[in-house]
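**Q** Let me give you the structure first, and then I'll get to my questions.
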Amino acid sequence: MKLLWIPLTLLLSVSTLMLLYHWDRAEAGNKDGNRPSNLDVTMTVKENKLQFGYTYEHLKAGIYTLETPEKATAIACSQQGGTCRITNQENPEMILEEEGRVLVGYTMPMPENEVINDWMLVLKKEGRVRQLPFSLTIQDFDAMKKTWLVPAEKKSDIQIENLRYFKFSSMDESLPLTRKAGVSSWKEEDSIVTYKTGTELSAEVKQELRNFLALTGPILIQLDQSATKVSEKLMEVEGRDVKGMRMEYVLEHLRKVNAEENPWEIKILKDVFTKKKTKMAKEIDASLSDEELEEWEIRLLQAENIDDLGVFLDEELSVVFGTDISYFQNYKAPTKDKLHYAEAQRVFEEDQLVTDHFIHYHGSPYLSLTDISRSMGFELTEIEQRSVYRVEVPGKEYVFYVGQPTFVVNKESFGMGEDLLIMVENTPYIKWQDLQELFDMNLTTRRK
120 MKLLWIPLTL LLSVSTLMLL YHWDRAEAGN KDGNRPSNLD VTMTVKENKL
170 QFGYTYEHLK AGIYTLETPE KATAIACSQQ GGTCRITNQE NPEMILEEEG
220 RVLVGYTMPM PENEVINDWM LVLKKEGRVR QLPFSLTIQD FDAMKKTWLV
270 PAEKKSDIQI ENLRYFKFSS MDESLPLTRK AGVSSWKEED SIVTYKTGTE
320 LSAEVKQELR NFLALTGPIL IQLDQSATKV SEKLMEVEGR DVKGMRMEYV
370 LEHLRKVNAE ENPWEIKILK DVFTKKKTKM AKEIDASLSD EELEEWEIRL
420 LQAENIDDLG VFLDEELSVV FGTDISYFQN YKAPTKDKLH YAEAQRVFEE
470 DQLVTDHFIH YHGSPYLSLT DISRSMGFEL TEIEQRSVYR VEVPGKEYVF
520 YVGQPTFVVN KESFGMGEDL LIMVENTPYI KWQDLQELFD MNLTTRRK
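Just so you know, we're using the numbering used here here: the sequence shown kicks off at 120 and counts up by one.
Next comes the structure, spelled out in structure tokens:
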């Protein structure tokens with residue numbers, strides 16, 4: 120009886136697998152209007168190795184280039200009723216003498232962290248990628264108590280004897296795979312977030328994750344890690360710093376689509392997102408509301424094929440502000456110019472034209488001190504170049520200092536004002552509100 124037990128067990132296992140196979144095919148065929156996938160991918164986990172099999176239902180005869188994962192070995196192919204061969208293991212090519220059904224396979228080691236990111240085979244013919252929708256089946260003989268997490272809809276999770284069988288819905292791109300025990304997971308649409316068991320996700324963290332996942336396709340996010348690392352579909356997050364992950368994701372995207380290597384603008388953007396008080400970052404942060412900053416960030420994620428990052432950033436800022444911005448372009452040779460945008464409206468004191476425009480800076484309107492003095496007959500003197508200005512109005516004299524909160528009145532008293540006088544393109548601009556109070560003016564605007 121003992122001699123019969125082993126083959127009988129094997130027979131039962133094989134029979135069950137055959138039932139699973141036919142059940143999957145029937146499930147696919149029973150969906151109205153849906154044909155079975157053109158590509159079936161199977162990953163078998165056994166003895167700490169990953170054995171991948173790709174079944175192409177129909178390939179034409181010819182020579183195919185195989186782009187395999189970096190750690191793939193034992194690359195092989197077979198063809199039902201035909202001849203298939205691999206010519207080179209390092210830069211493999213597959214030669215098919217006849218068209219038909221083809222199986223391609225290779226082996227990879229199981230990563231120590233049990234997260235598999237680079238695993239997909241890319242098949243090319245005459246330089247063109249044959250990327251087909253595929254279904255994914257995982258057969259795990261090693262870890263019955265661990266579950267596989269994939270950012271896709273799970274169709275099946277069945278345990279049979281010494282095998283745990285997973286089936287995932289059809290996908291059209293390579294997604295990270297992970298086998299986990301001792302961690303909790305949270306699912307949003309098809310994306311998966313893992314975190315330490317026993318430490319629930321706060322409502323704030325969940326909302327931050329939802330906001331981020333709205334910008335991406337299905338991905339895997341691992342919280343409670345020692346450092347933040349991002350790739351296209353796999354995110355490792357230091358602790359639960361979702362904002363930090365989001366920032367790194369935006370910056371990594373810009374690095375990928377930008378023609379220049381290591382552009383200096385990336386450092387400025389990082390300072391903006393981390394609220395670091397460097398000069399340029401502080402200007403941008405002070406000029407954008409939270410909603411405008413998020414809108415700008417979303418537009419950055421839509422970028423493709425950037426030739427000049429500074430020009431691109433200014434263009435996207437211009438869309439957010441609704442007017443032309445050239446801040447990053449002007450900063451290639453650093454100056455003291457401020458991030459601002461101009462409003463093309465005429466400004467009047469009663470019926471007298473004062474200036475034909477004003478600017479916005481840090482959320483406040485500013486007027487050209489030169490234009491104001493000329494149109495109103497005030498005497499303006501530059502005491503120190505781009506630094507100290509004296510304005511003489513009927514009955515009073517003011518001395519203003521660029522970038523300083525204090526000013527002098529009639530050489531004997533002091534006043535205070537936040538960002539009262541700034542320099543923009545070699546011209547002093549004074550804050551609208553302070554101008555009206557100090558010079559006793561009532562300004563109005565009219566469109567040109």
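By construction, the Cβ of each residue, glycine as well, lies at the ideal position given by its N, Cα and C atoms.
Quick check on the DSSP output: the alpha helix (DSSP H) that includes GLY363 runs from which residue to which?
**A** To locate residue 363, count along the sequence shown from 1; it is residue 244. Residues 361-376.
**Q** Sorry if obvious, but does the Cβ on VAL473 come closer than 8 Å to a heavy atom of the ligand PLP?
**A** No copy of the ligand PLP appears in this structure; indeed no ligand is present at all.
**Q** Would MET263 be called buried (16 or more neighbouring beta carbons within 10 Å of its own) or exposed?
**A** Locating residue 263 in the sequence shown gives position 144, counting from the first residue. Exposed is the call here.
**Q** Could you tell me if ASN561 is buried or exposed, where buried requires 16 or more neighbouring beta carbons within 10 angstroms of its beta carbon?
**A** Here residue 561 is taken as the residue at index 442 of the sequence shown, counted from 1. Burial call: exposed.
**Q** By how many angstroms is the C-alpha of ILE194 removed from the C-alpha of ASP259?
**A** Counting from 1 along the sequence shown, the entry for residue 259 is found at position 140. Counting from 1 along the sequence shown, the entry for residue 194 is found at position 75. C-alpha separation (whole angstroms): 21 Å.
**Q** With DSSP run on the structure shown, which of helix, strand or coil describes ARG249?
**A** Counted from its first residue, the sequence shown places residue 249 at position 130. Three-state result, ARG249: coil.
**Q** Work out the CA separation of MET495 and GLU468 for me, nearest whole Å.
**A** As a working note, residue 468 is residue 349 in the sequence shown. As a working note, residue 495 is residue 376 in the sequence shown. One C-alpha to the other measures close to 9 Å.
**Q** Would SER293 be called buried (16 or more neighbouring beta carbons within 10 Å of its own) or exposed?
**A** Numbered from 1 along the sequence shown, position 174 holds the residue referred to as residue 293. Classification of SER293: buried, given that the 10 Å Cβ count is 16 or more.
**Q** Helix, strand or coil for GLY224, going by three-state DSSP, please let me know.
**A** Counted from its first residue, the sequence shown places residue 224 at position 105. Residue state, collapsed to three classes: strand.
**Q** Only counting the same chain, and skipping five residues up and downstream in sequence, which positions put a Cβ closer than 6 Å to that of GLN341?
**A** Taking the sequence shown and counting its residues from 1, one reaches residue 341 at position 222. Excluding sequence neighbours, GLN341 sits near THR313, GLU355.
**Q** By how many angstroms is the C-alpha of LYS362 removed from the C-alpha of GLU280?
**A** The residue given as residue 280 occupies position 161 in the sequence shown. The residue given as residue 362 occupies position 243 in the sequence shown. In a straight line, the C-alpha of GLU280 is about 44 Å away from that of LYS362.
**Q** So what does DSSP say about ALA193, is it helix, strand or coil?
**A** The residue you call residue 193 lines up with position 74 of the sequence shown. Residue state, collapsed to three classes: strand.
**Q** Against chain C, does ILE403 count as a neighbour if the rule is that its beta carbon must be under 9 Å from one of theirs?
**A** The question asks about chain C, but that chain is absent: this structure has only one protein chain.
**Q** Please confirm if the region 321-331 is in contact with the region 375-387, defined as three or more CB-CB distances below 8 Å between the two stretches.
**A** Result no; under three Cβ-Cβ pairs closer than 8 Å.
**Q** What does DSSP give as the partner residues of MET213 in its beta bridges?
**A** Translated into the one-based positions of the sequence shown, residue 213 becomes position 94. Bridge partners of MET213: TYR183, ILE205.
**Q** Run the CB neighbour count on LYS286, radius 10 Å, all protein chains shown included, and call it buried at 16 or more, exposed below.
**A** Numbered from 1 along the sequence shown, position 167 holds the residue referred to as residue 286. By the neighbour-count rule (16 or more Cβ atoms within 10 Å), LYS286 is buried.
**Q** Beta-carbon within less than 6 Å of GLU462's beta-carbon, same chain only, minus the 5 sequence neighbours each way: which residues are those?
**A** What you label residue 462 is simply residue 343 of the sequence shown in a count that begins at 1. PHE477.
**Q** Indicate whether LEU339 and LEU353 have their beta-carbon atoms separated by less than 9 Å.
**A** Translated into the one-based positions of the sequence shown, residue 339 becomes position 220. Translated into the one-based positions of the sequence shown, residue 353 becomes position 234. Yes; because the gap between Cβ atoms is below 9 Å, this pair is in contact.
**Q** Relative to the alpha-carbon of ASP559, which residue among GLY514, VAL521, LYS530 has its alpha-carbon at the smallest distance?
**A** For the purposes of this step, residue 559 is taken as the residue at position 440 of the sequence shown. Ranking GLY514, VAL521, LYS530 by Cα distance to ASP559 puts GLY514 first.
**Q** Helix, strand or coil for ALA322? Go by DSSP, reduced to three states.
**A** Translated into the one-based positions of the sequence shown, residue 322 becomes position 203. Three-state result, ALA322: helix.
**Q** How is ALA400 classed by DSSP in three states: helix, strand or coil?
**A** Taking the first residue of the sequence shown as 1, we reach residue 400 at position 281. Helix at ALA400.
**Q** Among the residues of its own chain, which have a CB less than 7 Å from the CB of GLY301, if the five just before and after it don't count?
**A** Numbered from 1 along the sequence shown, position 182 holds the residue referred to as residue 301. So the list reads THR316, once near-sequence residues are dropped.
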